[in-house]
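Below you'll find the structure, written out as structure tokens, and then a few comments.
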Amino acid sequence: MSQDTLQQALQDHKDSLSALEQVINDSAIEVAAEPSMWQSFLSGGIEISYFVATILFILGLKRMSSPVTARGGIVWAGIGMILATVVTFGHEGMGNYFLMILAIIAGSGFAWWKARQVAMTDMPQMIALYNGLGGGAAAAISGVELLRGAEHSMIAQILAVIGALIGSIAFSGSAVAYAKLDGLMKKSIHFPRQNTINFIVFTVSIALGAIIIFQGSEVSLTLIVLFFIFALAFGILMAIPIGGADMPVVISLFNALTGLAVGFEGFVLDNAAMIIAGTVVGSAGTLLTQLMAKAMNRPISNVLFSGFGNHSDEAEDAGDIEGSMKPIESSDVAVMMAYAQQVIIIPGYGMAVAQAQHKISELTKALTERGVRVKFAIHPVAGRMPGHMNVLLAEAGVPYDMIFDLDEINEEFAQTDVALVIGANDVVNPVARTNPESPIYGMPILNADAAKNTIVIKRGKGTGFSGVENHLFYADNTRMLYGDGQAMAAELVQQVKEM
Amino acid sequence: MIEGMTALYIFTLAAFTGYEVISRVPVILHTPLMSGSNFVHGIVLVGAMIALGNASTELEKLFGFIAVAFAAGNAVGGYFVTERMLEMFKSSGNKGEAK
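Residue numbers (this note's numbering), protein chains in the order written: chain A, 40 to 538; chain X, 8 to 106.
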């Protein structure tokens with residue numbers, strides 16, 4: 040009996056103990072519930088912000104595809120970027136805020152300073168530079184993720200490695216592109232068995248990447264470093280043989296690659312904004328690369344695997360050029376143009392280098408006032424990128440209903456009195472039509488040689504970017520106006536006005 | 008991790024979107040647009056911040072720091088360069104009335 044009582048008491052005791060435990064547990068849950076709700080609210084907010092940012096990016100790009108809304112487009116995308124960046128500070132369980140802010144200030148300070156001082160003519164290399172930074176960032180993210188190891192699934196690990204590979208190539212390749220366009224690196228570099236060596240380096244980096252994937256969390260630092268070295272080396276090797284004329288295509292390709300790398304890192308980090316924005320840029324950039332390559336009539340594989348500069352040894356047959364270069368004075372040119380019915384101006388990169396676009400714009404006005412029809416013919420690769428020349432002319436105030444693409448204007452040269460070529464060379468070289476041996480053979484050109492008179496403003500007798508002799512300069516109806524583009528244009532303006 | 012198939016859908020749709028957005032673009036806007044898309048992949052900054060935020064060893068922090076600095080350069084530089092280019096189109100747009 041007493042045993043029963045004892046047991047009963049024990050049972051009571053146990054019950055009350057478990058009740059107490061229950062209370063403690065409940066309150067613990069409540070304590071935990073408070074921050075978790077806040078946290079989920081916060082992460083929900085972050086997710087929504089990323090979503091909004093992504094939409095802003097796409098709409099921004101869309102708006103950038105029309106001249107009227109273009110300026111608003113970049114602002115929209117900019118707002119998206121600020122939004123996405125700010126909310127990222129609120130991510131759960133992050134540290135190193137001091138370092139983060141320091142890095143942001145360093146990176147953006149440098150970029151801002153560079154962007155402010157750069158001239159319009161140097162835009163292509165600036166794009167190459169910033170693009171390279173993006174690729175480098177994607178690769179470095181992979182570096183962090185691979186070093187941390189373990190926490191990823193197989194797929195994420197694979198994507199991290201691919202992202203690192205692509206990002207590294209885009210980084211070092213863009214750096215070379217920047218150096219070339221900025222004149223820091225003058226020559227295209229060729230060496231025997233180049234493609235074979237490139238292929239080997241590429242294969243080794245892929246093999247190293249595969250080993251990293253399979254090693255998973257136990258991956259050694261040496262291996263990762265080696266992998267990055269090979270990937271970076273491949274980017275350099277890929278870009279050094281490519282000549283300046285092909286650089287726009289290559290920059291565009293690297294731009295697409297960076298986008299893709301960013302997209303892959305987005306998968307690794309589980310970040311939809313990065314996936315979408317990166318992939319959009321990846322595909323848009325690929326299309327743009329194709330358009331450019333098509334405009335130059337050079338398949339991408341051709342650009343990448345056969346150096347443009349190679350032909351120099353193949354003996355450019357100077358003998359088959361007939362005639363000679365015939366000089367002309369600016370006063371004669373002014374008369375010719377002032378009394379012409381239609382003048383087509385063909386600007387090239389040389390015009391931008393000489394900063395002659397403002398004078399050319401003035402010349403256009405003066406001629407138009409005299410009743411001369413003036414048109415601009417823009418080759419797809421005039422300048423250094425498709426559309427670069429349009430930017431430069433827009434800067435000088437040439438209205439863009441005067442500017443025509445190759446397809447629109449090529450028929451008109453035959454009815455044109457004067458074709459004025461300023462700073463352009465390869466894009467008007469008839470060799471592209473006639474000589475299958477020539478490295479620029481097959482590239483669509485502007486038919487300046489079809490005009491009744493062709494005037495070429497040129498500083499000296501050198502060849503163009505491709506190094507090919509220009510047969511147009513030797514044609515019967517071509518006259519050479521030797522001198523600095525800006526000075527000559529200024530003379531023409533003055534003489535036309537005085538008439 | 009975003010589920011396998013969902014990820015594939017996102018990837019594919021995004022790729023089509025990019026293609027569509029750029030396929031209607033007149034040649035004159037190619038350079039600004041390339042610059043603009045260059046800016047958009049500056050979103051890598053978000054990933055770089057997350058990577059640095061979760062870095063623990065010194066080496067990871069170094070990589071993370073590089074990532075954030077580079078990414079910030081990409082975003083900020085890309086923006087200003089694009090904006091400077093498009094600024095010019097504004098003035099000529101009013102004058103010339105697009106073709």
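Ideal placement from N, C-alpha and C gives every residue a C-beta, glycine not left out.
State the CB to CB distance for the pair residue i and residue j, rounded to an integer number of angstroms; the pair is presumed to be in contact (CB under 8 Å).
i                      : j                      : result
residue 130 of chain A : residue 57 of chain X  : 6 Å
residue 430 of chain A : residue 159 of chain A : 6 Å
residue 48 of chain X  : residue 320 of chain A : 4 Å
residue 127 of chain A : residue 53 of chain X  : 5 Å
residue 45 of chain X  : residue 205 of chain A : About 15 Å separates the two Cβ atoms, so there is no contact after all.
residue 50 of chain X  : residue 317 of chain A : 7 Å
residue 146 of chain A : residue 60 of chain X  : Not quite, the Cβ-Cβ distance comes to about 16 Å (not below 8 Å), so this is no contact.
residue 370 of chain A : residue 534 of chain A : 6 Å
residue 187 of chain A : residue 67 of chain X  : 6 Å
residue 293 of chain A : residue 174 of chain A : 7 Å
Of the choices the options, whose alpha-carbon is the least far from that of residue i?
i                      : options                       : result
residue 217 of chain A : A:168, A:120 and A:272        : A:168
residue 123 of chain A : A:482, A:90 and A:103         : A:90
residue 125 of chain A : A:143, A:318, A:110 and A:331 : A:143
residue 269 of chain A : A:178, A:291 and A:140        : A:178
residue 421 of chain A : A:331, A:452, A:301 and A:374 : A:331
residue 532 of chain A : A:517, A:375 and A:462        : A:375
residue 545 of chain A : A:204, A:103, A:465 and A:329 : Residue 545 of chain A lies beyond the range of chain A shown here (40 to 538); nothing can be said about it.
residue 238 of chain A : A:221, A:473, A:275 and A:258 : A:275
residue 93 of chain A  : A:527, A:82, A:121 and A:435  : A:121
residue 401 of chain A : A:266, A:231 and A:384        : A:384
residue 27 of chain X  : A:104, A:468 and A:154        : A:104
residue 452 of chain A : A:427, A:433, A:529 and A:485 : A:485
residue 379 of chain A : A:273, A:326 and A:492        : A:492
residue 495 of chain A : A:508, A:365 and A:479        : A:365
residue 368 of chain A : A:530, A:175 and A:198        : A:530
residue 373 of chain A : A:536, A:182, A:207 and A:302 : A:536
residue 363 of chain A : A:508, A:231 and A:191        : A:508
residue 209 of chain A : A:257, A:191 and A:301        : A:301
Assign residue i to one of two classes, buried (16 or more other C-beta atoms within 10 Å of its C-beta) or exposed (fewer than that).
i                      : result
residue 306 of chain A : buried
residue 550 of chain A : Residue coverage of chain A in this structure runs from 40 to 538, which leaves residue 550 of chain A outside it and unanswerable.
residue 64 of chain X  : exposed
residue 510 of chain A : buried
residue 219 of chain A : buried
residue 242 of chain A : exposed
residue 31 of chain X  : exposed
residue 236 of chain A : exposed
residue 100 of chain X : Note that residue 100 of chain X scores a pLDDT of 42, beneath 50, so its modelled location is shaky and nothing firm can be said.
residue 353 of chain A : Note that residue 353 of chain A scores a pLDDT of 38, beneath 50, so its modelled location is shaky and nothing firm can be said.
residue 91 of chain X  : buried
residue 44 of chain A  : exposed
residue 475 of chain A : exposed
residue 33 of chain A  : Because chain A spans 40 through 538 in this model, residue 33 of chain A falls outside it and cannot be assessed.
residue 465 of chain A : buried
residue 226 of chain A : exposed
residue 414 of chain A : buried
residue 193 of chain A : exposed
residue 13 of chain X  : exposed
residue 338 of chain A : exposed
residue 213 of chain A : buried
residue 285 of chain A : buried
residue 48 of chain A  : exposed
The beta strand (DSSP E) with residue i in it runs from where to where?
i                      : result
residue 386 of chain A : 381 to 386
residue 371 of chain A : Here residue 371 of chain A belongs to no beta strand (DSSP E); instead the alpha helix (DSSP H) covers 369 to 377.
residue 458 of chain A : 457 to 461
residue 444 of chain A : 442 to 444
Since residue i is in the alpha helix (DSSP H), which residue starts that stretch and which ends it?
i                      : result
residue 123 of chain A : 109 to 127
residue 414 of chain A : Here residue 414 of chain A belongs to no alpha helix (DSSP H); instead the beta strand (DSSP E) covers 412 to 417.
residue 31 of chain X  : Where residue 31 of chain X is concerned, there is no enclosing alpha helix (DSSP H), given that its DSSP letter is neither H nor E.
residue 261 of chain A : 260 to 278
residue 159 of chain A : Premise fails: residue 159 of chain A is in no alpha helix (DSSP H) and is neither H nor E.
residue 130 of chain A : Here residue 130 of chain A belongs to no alpha helix (DSSP H), and DSSP marks it neither H nor E.
residue 472 of chain A : 470 to 473
residue 476 of chain A : No alpha helix (DSSP H) contains residue 476 of chain A, which DSSP labels as neither H nor E.
residue 429 of chain A : 427 to 435
residue 211 of chain A : 193 to 220
residue 297 of chain A : 286 to 308
residue 400 of chain A : 396 to 408
residue 341 of chain A : 339 to 344
For residue i, return the contacting residues in chain B, with the cut-off set at a CB-CB distance below 8 Å.
i                      : result
residue 453 of chain A : Note that chain B does not occur in the displayed structure, where the protein chains are A and X.
What are the residues that DSSP puts in a beta bridge with residue i?
i                      : result
residue 554 of chain A : Lying before the first or after the last residue shown, residue 554 of chain A is absent from chain A, which here runs from 40 to 538.
residue 520 of chain A : A:496
residue 366 of chain A : A:519
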